[in-house]
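Take a look at the structure set out below.
There are 2 protein chains.
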Amino acid sequence: MPQGQVTTVPDDGLTTRQRRNRPLVVVHTGEMKGKSTAAFGLALRGWAQGWSVGVFQFVKSARWRVGEEAAFRALGRLHAETGEGGPVEWHKMGEGWSWSRKRGSEGDHAAQAAEGWAEIRRRIEAQVHEVYVLDEFTYPMKWGWVEVEEVVEVLARREGRQHVIITGRDAASELVAAADVVMETTKVKHPMDFGQKGQRGIEW
Amino acid sequence: MPQGQVTTVPDDGLTTRQRRNRPLVVVHTGEMKGKSTAAFGLALRGWAQGWSVGVFQFVKSARWRVGEEAAFRALGRLHAETGEGGPVEWHKMGEGWSWSRKRGSEGDHAAQAAEGWAEIRRRIEAQVHEVYVLDEFTYPMKWGWVEVEEVVEVLARREGRQHVIITGRDAASELVAAADVVMETTKVKHPMDFGQKGQRGIEW
Numbered sequence: 015m016p017q018g019q020v021t022t023v024p025d026d027g028l029t030t031r032q033r034r035n036r037p038l039v040v041v042h043t044g045e046m047k048g049k050s051t052a053a054f055g056l057a058l059r060g061w062a063q064g065w066s067v068g069v070f071q072f073v074k075s076a077r078w079r080v081g082e083e084a085a086f087r088a089l090g091r092l093h094a095e096t097g098e099g100g101p102v103e104w105h106k107m108g109e110g111w112s113w114s115r116k117r118g119s120e121g122d123h124a125a126q127a128a129e130g131w132a133e134i135r136r137r138i139e140a141q142v143h144e145v146y147v148l149d150e151f152t153y154p155m156k157w158g159w160v161e162v163e164e165v166v167e168v169l170a171r172r173e174g175r176q177h178v179i180i181t182g183r184d185a186a187s188e189l190v191a192a193a194d195v196v197m198e199t200t201k202v203k204h205p206m207d208f209g210q211k212g213q214r215g216i217e218w
Numbered sequence: 015m016p017q018g019q020v021t022t023v024p025d026d027g028l029t030t031r032q033r034r035n036r037p038l039v040v041v042h043t044g045e046m047k048g049k050s051t052a053a054f055g056l057a058l059r060g061w062a063q064g065w066s067v068g069v070f071q072f073v074k075s076a077r078w079r080v081g082e083e084a085a086f087r088a089l090g091r092l093h094a095e096t097g098e099g100g101p102v103e104w105h106k107m108g109e110g111w112s113w114s115r116k117r118g119s120e121g122d123h124a125a126q127a128a129e130g131w132a133e134i135r136r137r138i139e140a141q142v143h144e145v146y147v148l149d150e151f152t153y154p155m156k157w158g159w160v161e162v163e164e165v166v167e168v169l170a171r172r173e174g175r176q177h178v179i180i181t182g183r184d185a186a187s188e189l190v191a192a193a194d195v196v197m198e199t200t201k202v203k204h205p206m207d208f209g210q211k212g213q214r215g216i217e218w
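Protein sequence lines correspond, in order, to chains A and B. This note's numbering numbers the first residue of the first sequence as 15 and each following residue consecutively. This note's numbering numbers the first residue of the second sequence as 15 and each following residue consecutively.
Structure, rendered in structure tokens:
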């Protein structure tokens, strides 16, 4: 299978090892739900490497991703107990960010989204995690709650070994330009087209 | 967000609950590596539901998916110890299937692939797992080592609640036709285009 073959060698002054270990900005966009699933699959690999995984969900419904959340929280506990894999933090906007005093206060989603990004920015500058999953983070940018220029700037000058995975539809062109990897999941066929509803274990 | 909306109601004589809980055949195909990552993300949800997860890797290199394998094996042990989530089995062709006496014998990949499929078929007929991940299983079909007609037939008459996820490029049209969900991951941009090699925690 020809996957993983390098077809060109870049003229960027880096050694192969430096290029190999360059931290990435990965954007999973497109029309389908698969984009978050793929992002969490990637985070799973990071966990297995012993990396610290921080998940930040910019979604309103508490029901979303409960499967991934349960699995990653379990992996985080496993790390705490046995040292296997890496530590995991899972934060979500839906019920108020866990670090916030305003917890449980619904209402101002714009302010909550801005607060979430401010915390992520602090963590990136302090190099807290090796993997950040910013789930559905394209929407706060699309809606003007978080400035895409600031996000791109913070990502560009982040230090150390921090991979950042961003999911959501309609990723801003500035973000796509700044990303190292952009993946788009296309639906060829899906039962919701034929009236089937989402089901437990599959859609969440 | 309009995700999850049902736009039509099918005339299939099933109740909403029956449709909701219909076991699925999911095919992740396309050019990119993301397809397996997405498949394992989906299996993660199944684990969190307490489902039995069986992974069968039709790949040669032992290095592939080591991150996912470590994470899923950890989740399987967690289940065995605490009852959380579901049990996990992880089998790979690369070093000879674990149930096989011929273990460690490299060589006849066609025979190994056929043996792998025969075991999966037995398990589907015995309803052993709730989630099957048949990773890179499109290739043995493409190369004629496993008959796609037989696969489609076994999937079509499988009983109980068994979700089957198949990954790999060039899925046969009969398989696509038989699948409930077909997802294709398209690369918009990837560092390998610019000469960057795969890196630990990201590509495997």
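Even glycine gets a Cβ: it sits at the ideal position worked out from N, Cα and C.
Could you please give me the residues that DSSP links to residue i through a beta bridge?
| i | result |
| --- | --- |
| residue 104 of chain A | A:69 |
| residue 147 of chain A | A:69, A:179 |
Could you pull the start and end residues of the alpha helix (DSSP H) that residue i belongs to?
| i | result |
| --- | --- |
| residue 165 of chain B | 162-170 |
| residue 188 of chain B | 187-192 |
Please state the DSSP three-state secondary structure of residue i.
| i | result |
| --- | --- |
| residue 142 of chain B | coil |
| residue 80 of chain A | helix |
| residue 50 of chain B | helix |
| residue 91 of chain B | helix |
| residue 37 of chain A | coil |
| residue 159 of chain B | coil |
| residue 97 of chain A | coil |
| residue 110 of chain A | coil |
| residue 118 of chain B | For residue 118 of chain B, the pLDDT reaches just 49, beneath the cut-off of 50, and the residue's location in the model is therefore unreliable, although a value from the coordinates is still provided. Coil at residue 118 of chain B, not helix or strand. |
| residue 63 of chain A | coil |
| residue 55 of chain B | helix |
| residue 174 of chain B | coil |
| residue 124 of chain A | helix |
| residue 16 of chain A | Low per-residue confidence applies at residue 16 of chain A: pLDDT is 44, beneath 50, and the placement is therefore not dependable enough to give any value. |
Please tell me whether residue i and residue j are closer than 7 Å, where the distance is taken between their beta carbons.
| i | j | result |
| --- | --- | --- |
| residue 198 of chain A | residue 96 of chain B | no |
| residue 129 of chain B | residue 104 of chain B | no |
| residue 85 of chain B | residue 56 of chain A | no |
| residue 168 of chain B | residue 186 of chain B | no |
| residue 102 of chain B | residue 90 of chain B | yes |
| residue 65 of chain B | residue 108 of chain B | no |
| residue 6 of chain A | residue 94 of chain B | Examination of residue 6 of chain A is not possible in this model, given that chain A is present from 15 through 218 alone. |
| residue 166 of chain A | residue 38 of chain A | no |
| residue 69 of chain A | residue 60 of chain A | no |
| residue 149 of chain B | residue 71 of chain B | yes |
| residue 160 of chain B | residue 131 of chain B | yes |
| residue 51 of chain B | residue 52 of chain A | yes |
| residue 41 of chain B | residue 180 of chain B | yes |
| residue 153 of chain A | residue 182 of chain A | yes |
| residue 184 of chain A | residue 156 of chain A | yes |
| residue 172 of chain B | residue 138 of chain B | yes |
| residue 189 of chain B | residue 92 of chain A | no |
Looking at residue i and the ligand NAD, is the gap between the Cβ and the nearest heavy atom below 6 Å?
| i | result |
| --- | --- |
| residue 100 of chain A | The ligand NAD is not among the ligands present in this structure, which contains no ligands whatsoever. |
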